[in-house]
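Novice: Dropping a structure here in structure tokens format, bear with me for questions.
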Ligand code: BGC
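Numbering (my numbering), first residue to last: 35 to 504.
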């Protein structure tokens, strides 16, 4: 017999329990964690359209060497407890010496059989002081473009890939909307100088990564942990993109150029699909990291909200349509486990059977497929501007490449308008706070001798590129 007291309690709890149940079921239905049976899949049943752009990517600070910017200053500084900020105390210093070795590196790109090289221009070298442009640095990038073209490789330029000149960083960088004009001025200058050689332009690389690492986790410069500011910075980066887009498109022949942003999409999956709190955290993270920017381009509305901050809301109708293409970067997914710890109410934790890369995420090709399906809704062509694996033993690279490309091909067969795929990265390089330990390169780099060696696993990429480049 159930007592009256129990009956009262049950009736009080029934409604919230039902609502939580409906919430969990709705989340499960809306966010399936797609899983394919790789034992059944023939990875060679791929297809890519004629003219598909096969490429490789790098960024200036990670490969060039001798940068004097917010990152080089960060690398030389220490945490409050006196330990270095970068894994193993690494510093970028000469990196791959790509600034001096670009001609040899272009030969390496050519040897892969690809036809595109995505690289970034280093703002701190081009404009070392506010308003003072170094013509020799601009000439350097012109020479790089000319050498690429001579080798039959199309240059794709990124204007901002995480690094700022010190003068820009010291005035608050993208924390202040008023500073955006400096980035627009720089972008116009670079565009005017390189437009004879460059048709495809990426404005800003991964605004959400720059924001969360620099202003939420505080592990990248400027090392702040301030959700409110993170929201402002994210908004300002989107606004900066739109202003640069408008500025470049309104140059005399601007219409002839393709201008887009590079957006990293990381699907968030709950550790326990029956845990409403895991789902709730996933949806907050997804909003901040993925959906906020996607909404901005689809609706012109942006909102950013994390516990402990006032929601940042912004409407800019010119956000809609300020893209000729969207660059999609995807590497994997994240698995979220909530916990009863007010200082850290969730952590990322994977199942023991997930096949891990050397970074803190697994090989999960379905992630790129899911990410494509999301950015597809913006209705502009997609370029996969980055995808690749940190795999120092080179025993997963081959499988990673063939499976992720299978996923890309499947999305194309199902109607996604994907124009190209650029592997990250051409060669091992300075992996930000992870230093030199992460080996993303198709070519291994010996950082003592600067000798580059093709990795075995990379040949899978070369084979696929050769097959679809006829
Ligand atoms: C960044 C690269 C980075 C790569 C691998 C991307 O988020 O754009 O600079 O090296 O991921 O972690």
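The beta-carbon is built from N, C-alpha and C at its ideal position, and this holds for glycine as well.
Is it right to say residue 37 is buried, meaning 16 or more other beta carbons lie within 10 angstroms of its own, or is it exposed?
Specialist: Counting from one through the chain shown, the residue named residue 37 turns up at place 3. Per the 10 Å Cβ criterion, exposed.
Novice: Check whether the Cβ of residue 239 sits closer than 6 Å to any heavy atom of the ligand BGC, and report yes or no.
Specialist: Against the chain shown, residue 239 aligns to sequence position 205. Residue 239: yes, Cβ under 6 Å from the ligand BGC.
Novice: Determine the direct distance from the alpha carbon of residue 45 to that of residue 35, and round the result to whole angstroms.
Specialist: Counting from 1 along the chain shown, the entry for residue 35 is found at position 1. Counting from 1 along the chain shown, the entry for residue 45 is found at position 11. Cα to Cα, the separation comes out at about 16 Å.
Novice: Spatial neighbours of residue 167 within its chain, please: CB distance less than 8 Å, with the 5 preceding and 5 following residues excluded, ordered by chain position.
Specialist: For the purposes of this step, residue 167 is taken as residue 133 along the chain shown, with counting starting at 1. Excluding residues within five positions, the ones whose Cβ falls inside 8 Å are 160, 161, 223.
Novice: Return the CA-CA distance between residue 31 and residue 94, expressed in angstroms with no decimal places.
Specialist: Absent from the model: residue 31. The displayed extent of the chain is 35 to 504, so no value can be given.
Novice: With respect to 6 Å, is the separation between the Cβ of residue 148 and the closest non-hydrogen atom of the ligand BGC below this value?
Specialist: Taking the chain shown and counting its residues from 1, one reaches residue 148 at position 114. Not so, every heavy atom of the ligand BGC lies at least 6 Å from the Cβ.
Novice: Which residue wins for smallest C-alpha separation from residue 233, given the options 465, 438, 151, 446?
Specialist: Stepping through the chain shown from its first residue, residue 233 is reached at position 199. Nearest option by C-alpha distance: 151.
Novice: Using a Cβ-Cβ cutoff of less than 8 Å, which residues in the same chain neighbour residue 57 once the five nearest sequence positions on both sides are dropped?
Specialist: On the chain shown, residue 57 is found 23 positions in, with the first residue counted as 1. Answer for residue 57: 310, 313, listed in chain order.
Novice: Name the residue from 385, 53, 75, 354 whose alpha carbon lies nearest to the alpha carbon of residue 369.
Specialist: Here residue 369 refers to the residue found at position 335 of the chain shown. Checked all of 385, 53, 75, 354; the closest Cα to residue 369 is 385.
Novice: Please go through the stretch 427 to 468 and give each complete alpha helix (DSSP H) segment of 4 or more residues, from N-terminal end onward.
Specialist: Whole alpha helix (DSSP H) segments, 4+ residues: 431 to 447.
Novice: Please report the distance separating the alpha-carbon of residue 97 from that of residue 464.
Specialist: As a working mapping, residue 97 is identified with position 63 in the chain shown. As a working mapping, residue 464 is identified with position 430 in the chain shown. If you take the alpha carbons of residue 97 and residue 464, they lie about 7 Å apart.
Novice: How is the beta strand (DSSP E) around residue 480 delimited, first residue to last?
Specialist: Within the chain shown, the letter at position 446 stands for residue 480. Unbroken beta strand (DSSP E) run through residue 480: 477 to 480.
Novice: Could you tell me if the beta carbon of residue 126 falls within a distance shorter than 6 Å of some heavy atom in the ligand BGC?
Specialist: Position 92 of the chain shown, counted from the first residue, corresponds to residue 126. Flag unset: Cβ of residue 126 not near the ligand BGC.
Novice: Secondary structure at residue 470, three-state DSSP: helix, strand or coil?
Specialist: Stepping through the chain shown from its first residue, residue 470 is reached at position 436. If DSSP states are grouped into helix, strand and coil, residue 470 belongs with coil.
Novice: Can you tell me where the alpha helix (DSSP H) with residue 512 in it begins and where it stops?
Specialist: It is not possible to answer for residue 512, since the shown part of the chain is limited to 35 through 504.
Novice: Let me check understanding here. Comparing Cα to Cα, which of 360, 364, 362, 332 lies closest to residue 350?
Specialist: Here residue 350 corresponds to residue number 316 of the chain shown, with the count starting at 1. Nearest C-alpha to residue 350: 332.
Novice: Could you please give me the residues that DSSP links to residue 87 through a beta bridge?
Specialist: The sequence position of residue 87 within the chain shown is 53, counting from 1. For residue 87, which the question treats as bridged, DSSP gives the partners 454.
Novice: Under the assumption that residue 88 contacts residue 154 (Cβ atoms under 8 Å), give the Cβ distance between them as a whole number of angstroms.
Specialist: The residue labelled residue 88 in the question sits at position 54 within the chain shown. The residue labelled residue 154 in the question sits at position 120 within the chain shown. Actually they are not in contact, since the Cβ atoms of residue 88 and residue 154 sit about 19 Å apart, beyond 8 Å.
Novice: Could you check whether the Cβ of residue 218 sits closer than 6 Å to any heavy atom belonging to the ligand BGC?
Specialist: Locating residue 218 in the chain shown gives position 184, counting from the first residue. No, the Cβ of residue 218 stays beyond 6 Å of every heavy atom of the ligand BGC.
Novice: Within the present structure, is the beta-carbon of residue 243 separated from the nearest heavy atom of the ligand BGC by less than 6 Å?
Specialist: Taking the first residue of the chain shown as position 1, residue 243 is located at position 209. It does: the Cβ of residue 243 is within 6 Å (strictly closer) of some heavy atom of the ligand BGC.
Novice: What span of residues does the beta strand (DSSP E) with residue 316 cover, start to end?
Specialist: For this step, residue 316 is matched to residue 282 along the chain shown. No beta strand (DSSP E) holds residue 316; the alpha helix (DSSP H) holding it covers 310 to 320.
Novice: For the alpha helix (DSSP H) containing residue 132, list its first residue and its last residue.
Specialist: Counting from one through the chain shown, the residue named residue 132 turns up at place 98. Element bounds for residue 132: 132 to 146.
Novice: Please report how far the alpha carbon of residue 133 lies from the alpha carbon of residue 99, in whole angstroms.
Specialist: Translated into the one-based positions of the chain shown, residue 133 becomes position 99. Translated into the one-based positions of the chain shown, residue 99 becomes position 65. The alpha-carbon atoms of residue 133 and residue 99 are separated by roughly 7 Å.
Novice: Is the beta carbon of residue 414 less than 7 Å from the beta carbon of residue 354?
Specialist: In the chain shown, the residue the question calls residue 414 occupies position 380. In the chain shown, the residue the question calls residue 354 occupies position 320. It is not a contact, given that the beta carbons lie outside the stated cut-off.
Novice: Going by beta-carbon coordinates alone, are residue 18 and residue 196 separated by less than 7 Å?
Specialist: For the chain, the structure presents residues 35 to 504; residue 18 sits outside this window and is missing.
Novice: Alpha carbon to alpha carbon, what distance is there between residue 111 and residue 490?
Specialist: Within the chain shown, residue 490 is the residue found at index 456, counting from 1. Within the chain shown, residue 111 is the residue found at index 77, counting from 1. Taking the straight line from one Cα to the other gives about 37 Å.
Novice: So, for residue 496: in the same chain, excluding its five sequence neighbours on each side, which residues have a beta-carbon less than 7 Å away from its beta-carbon?
Specialist: Numbered from 1 along the chain shown, position 462 holds the residue referred to as residue 496. Correct list, in chain order: 146, 147.
Novice: May I have a chain-ordered list of the alpha helix (DSSP H) segments no shorter than 4 residues that lie completely inside the stretch 166 to 244?
Specialist: Counting only runs of 4 or more, we get 169 to 184, 200 to 204, 214 to 228.
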